Amino acid sequence: MASSLSLLTLSTTATSSTVTVVSTTSPSTNGPEPSSSSQSLCKSSAPTAFSTTSDTEAAPITPEVPASSPSPRKGSAFWLSYAAVCICTFVSALDITSIPTSLPSIIKSLSGTAASSWVGSSYTLASAAMIPFTGNLANIFGRRPIMLGSIMLFALGSALAAGAQSMEWLIVARTVQGMGGGGMTGMSSIIVADLVPLAERGAYDGFKTMMWACASGGGALSEWASWRWLFYINLPASAFAFFFTFVFLQVRTPEGDMQSKLALVDWVGNFLLIAGAILSNISLTWAGVRYAWSDVHVLAPLMTALALMFAFVIYEKYFPTVPTMPWDVVTNRTALLSLIATFLNGITSISIIYFLPLFFQAVFLASPLQSAIYSIPSAVLISPFSFLNGIVVLKAKRYLPGSYAGCVLLVIGFGVVSILGAGSSLAIRVASQVIVAAGTGILISSLPFALMAPIPVERLGSALAFQAFLRTLSQTWGITISAAILQNTVKRKFPARFIKTLPTGSDFAFAALSRIASLPEPLQQEVKVAFGQGISSIYRVMIGVAGLGFLCVVFMKEVPMRNEVDGTFALKMSEERPDVEKAQVGAEQKAEKVEVEHVEMV
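Positions 1 to 602 (full-length UniProt numbering) are the ones given, in order, by the sequence shown.
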């Protein structure tokens, strides 16, 4: 009779309730899956304890197993795998951070201004399109082969870009390069999530973002050598990343034959998502530049894109066996708001990284090297602030304070940046960038925790890939929207006699960059003022975008962070197994002792 005794514990609230069945003799080290509406059943032949919890954000850690259970010891296998991830992050960051300062040199060399904005947006769009697809593939084929394939695609695109003889050639090459870069970016976040528990991840994610700071000086190569070296340098870097990943990233791969794995790929969902992303970017690229916002050429692709995105969401709920987007991110308020805030932060962050160097080149007549130096606070400090905030999250186990601080700093920072002009002092130029960099970096490391905390560990890979997709897609939108704002402003502000000298059908702003220094006064001053007003218009819009991000954070909840990871993709040569098994055995023995004492008392 004693062996069949169980303890029934009920805990309810007015919102909802989740029923969890947990064994008292063999408790799960992972605890129940946090979900707002699902039932988690951990079956056992031993006596069970029933408990109902009702947090709309997440179920708490199972009481029988403390949340502070010893985490695995991190040995050489872990650190070498983590180093491989950081190297891949550095390689993929090289182009995003280097191209903006080199764009005038590229335009001058290839004599192409009509499609110059696509040099940046083609990379980010292809990158965004590939991130959820590679995340889906990684859940089926494993992390390592997808990372290696992404590195090879990136290297191929870099080789094609280095030899580009026209703007069209370069844009196609950048698209191939972006496909590889997107896969590397998405896989880096997923692999770190596989190896490090959420409660410990702040410092590791923060250090990974430091690779962006290390990669931010690449644009200076266009001053010291040809802009083609921006792409040539990727070849040995990619080779090194491939070698390091192939040799040291030894993580588990799901079993199964190729045919069964291909059948699991979410082909339809990825098609809907990629097609929607491409059409939305085409619409925004044309809006206000080639066609009016009300023109059918703008509205038709935009409406089609929205319809495809809606169809994607519905399809993901009902059909795929391995969905690209876990449904938890839609039904959980905090997770959903974190995705929206991530999208908004992507728009604001790329606007400062991509367009501030152009401001210095146009208004201060700076060379690519000088503009890179002037932009150091915004280009380099984002990563250190992200790293420091990761340490804070690691120690405090809370992500909302940093999210609030990041949004407030962004609103203030963009307010200051929007008033920069030719007469702005060095102190104002530096201080404004530091404020924006602080807000951006803090949000980059805070928002992923708001997504991951409510999501079950086995679905974190897909959730992180979808978040990375939204961040990259938003950067595409950020480049496109900012370019449209700049183009429309300078089109109105440039003197008519100067516009007549620009190539027909060109992007006026980018076409003007290489000509401003040679203009006579007072025409030069008029053009510089007009360009500065165009950049200011961008950052005034970004104040509102950052404000929307703050509203998202207001309605988030602080969800406890877990200490477990998904073992499906753990290290093969795990040096941590003895410690893990010891912790599990200790927890089981403690639970058995508690049960025996309880039965004796009864």
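Glycine included, every Cβ here is placed at the ideal spot set by N, Cα and C. Owing to the predicted nature of the structure, the values given are computational and were not obtained by experimental measurement.
Burial state of V329, where buried means 16 or more other Cβ atoms lie within 10 Å
buried
Whole angstroms are fine: how far does the CA of R290 sit from the CA of W267?
33 Å
Beta-carbon proximity check, G180 vs F207, cutoff 8 Å
no
Reducing DSSP to helix, strand and coil, say where Y539 ends up.
In the displayed model, Y539 falls within a helix according to three-state DSSP.
When you compare the CB positions of F466 and M309, do they come within less than 8 Å of one another, or not?
For F466 and M309, no; Cβs fall outside 8 Å.
Could you compute how far the alpha carbon of R497 sits from the alpha carbon of F364?
22 Å
In chain order, what are the residue ranges of uninterrupted alpha helix (DSSP H) at least 4 long that sit wholly in the region 321-384?
328-331, 333-363, 368-374 and 376-380
Identify the continuous alpha helix (DSSP H) that holds A155 and give its terminal residues.
R143 to A162
Is there contact between the region 524-536 and the region 366-376, where contact requires at least three CB pairs shorter than 8 Å?
no
Taking all protein chains shown into account, decide if L125 is buried (16 or more other Cβ within 10 angstroms of its Cβ) or exposed.
buried
Which term fits D95, buried or exposed, when burial requires 16 or more other beta carbons within 10 angstroms of its beta carbon?
The Cβ neighbour count for D95, taken over all protein chains shown within 10 Å, is at least 16; the residue is labelled buried.
Between which two residues does the alpha helix (DSSP H) containing V251 stretch?
Looking at the DSSP string, V251 is not in any alpha helix (DSSP H), and its letter there is neither H nor E.
Looking only at its chain, what residues have a beta carbon closer than 7 Å to the beta carbon of L306, apart from the 5 residues adjacent to it on each side?
none
Nearest to I442 by alpha carbon, out of I499, I382, A463 and L470?
When I499, I382, A463 and L470 are compared, the shortest CA-CA separation from I442 is found for I382.
Cβ neighbour criterion (16 or more within 10 Å) applied to P236:
exposed
Under the assumption that N139 contacts S462 (Cβ atoms under 8 Å), give the Cβ distance between them as a whole number of angstroms.
Right, their Cβ atoms sit about 6 Å apart.
Could you give the DSSP three-state label for L447: helix, strand or coil?
helix
Rounded to whole angstroms, how far is the Cβ of I171 from the Cβ of V251, which I believe are closer than 8 Å?
Contact doesn't hold; Cβ gap of about 35 Å is too wide.
So for A84, helix, strand or coil by DSSP?
DSSP, read as helix, strand or coil, puts A84 in helix.
The alpha helix (DSSP H) with S166 in it runs from where to where?
Premise fails: S166 is in no alpha helix (DSSP H) and is neither H nor E.
Taking Cβ to Cβ, would you say G423 is nearer than 8 Å to G439?
no
Can you list, in chain order, the stretches of the alpha helix (DSSP H) that have 4 or more residues and sit fully within the region 439-494?
460-493
Per DSSP, cross-strand counterpart(s) of Y232:
Partner(s): none; Y232 has no beta bridge.
For L571, which beta-bridge partners are listed by DSSP?
V251
Kindly indicate which three-state DSSP category Y123 falls into: helix, strand or coil?
helix
Taking the continuous alpha helix (DSSP H) assigned at F310, which residues delimit it?
V296 to Y318
I need the boundaries of the alpha helix (DSSP H) containing L502, first residue and last residue.
It is not in any alpha helix (DSSP H) - L502 carries neither H nor E in the DSSP assignment.
Endpoints, the alpha helix (DSSP H) within which E419 is located
It should be pointed out that residue 419 corresponds to Ile in this sequence rather than to Glu. Run containing I419: none; DSSP gives neither H nor E here.
Looking at N234 and V85, is the spacing between their C-beta atoms short of 8 Å?
Result no, Cβ atoms of V85 and N234 do not sit closer than 8 Å.
When S514, V411 and E558 are compared against V541, the one with the closest alpha-carbon:
V411
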